[in-house]
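Residue numbers (the working numbering): 102 to 334.
Glycine included, each C-beta is placed from N, C-alpha and C at the ideal position.
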């Protein structure tokens, strides 16, 4: 008898949840924002508790489920009508790379470190920060990237050129102003070599926020301190 009750509650909860998800629409299903993600988890938890916890009155559980869904729909409507409410609920995109320059203050505000940024870039098959013109961290935590025009993909076949094995895989060797000695060792490079490269570029190591070795052995260097690109032209 207890099994039949659980099965009945599960079926009823499933049908109610199905109706509620159709009501909330595709935006909630895609979990476009952190708010959508949290409300989705909460509604799922309420549905599961209603289905399996016999100490929870069924109709109270359904009422809670409908209430969560209604609040989510109302907040979505408010966000649709008010830009301020939309920003408060969903947040807004944040530029973390502008004109090829890493914006350290923006990254700090988003609690995003260079390891996180490089991971997000690699997810889009971008293995070097040097290839990026603009990068925007979206409210859902994903990174939107615009490559530099000269870095847009062109196949070797289209260019009719021979493929050459790169000397190195793009690898970070200075992060937040600190030398990543482990990466240098794996590349069979030394701190002395790094110092020579920086001296040749006329840059002190304490002025470097991020440095990355490229395929051909050259360095991509991003200096400390964010600068307005409009002031540098």
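query	result
Rounded straight-line distance, which links the Cα of residue 139 to that of residue 215	26 Å
Residue 206 to residue 200 span [Cα, whole Å]	15 Å
For residue 309, three-class secondary structure by DSSP	strand
Identity of the residue in 274, 118, 104 nearest residue 296 by Cα	274
Residue range of the unbroken alpha helix (DSSP H) whose run includes residue 319	Premise fails: residue 319 is in no alpha helix (DSSP H) and is neither H nor E.
Minimum C-alpha distance to residue 108 - residue among 120, 136, 145, 152	152
Buried or exposed by the 16-neighbour rule on C-beta atoms within 10 Å, applied to residue 311	buried
Residues of its chain near residue 174, where Cβ-Cβ distance is below 7 Å and the 5 sequence neighbours each way are ignored	124, 125
Per DSSP, cross-strand counterpart(s) of residue 273	313
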